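Going by this note's numbering, the first residue of the sequence shown is number 111, and it counts up by one from there.
Read through the structure below, which is laid out as structure tokens, and then see the notes.
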Amino acid sequence: MHINITVNLKKRFHATCVMKGKKMSQVVIELIEQWLESKEFSLTGETKSI
Numbered sequence: 111m112h113i114n115i116t117v118n119l120k121k122r123f124h125a126t127c128v129m130k131g132k133k134m135s136q137v138v139i140e141l142i143e144q145w146l147e148s149k150e151f152s153l154t155g156e157t158k159s160i
């Protein structure tokens, strides 16, 4: 996956990941999973509630 973000945003993200002891890819995966959990449609076509 490739995304385009500003240099400043990438620097901030990288620095915060380093401070938290996490890899950037690990955080991106966590964020995608969280987003999907709140946005995915159930089999009935309704969004899942949190």
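Backbone N, C-alpha and C define an ideal beta-carbon position, used for all residues, glycine too.
In this text the structure is predicted, and so the values were computed from the model without any measurement.
8 Å Cβ cutoff met for residue i and residue j
| i | j | result |
| --- | --- | --- |
| residue 124 | residue 134 | yes |
| residue 127 | residue 117 | no |
Continuous alpha helix (DSSP H) stretch holding residue i: start and end
| i | result |
| --- | --- |
| residue 113 | It is not in any alpha helix (DSSP H) - residue 113 carries neither H nor E in the DSSP assignment. |
| residue 130 | 117-130 |
| residue 133 | Run containing residue 133: none; DSSP gives neither H nor E here. |
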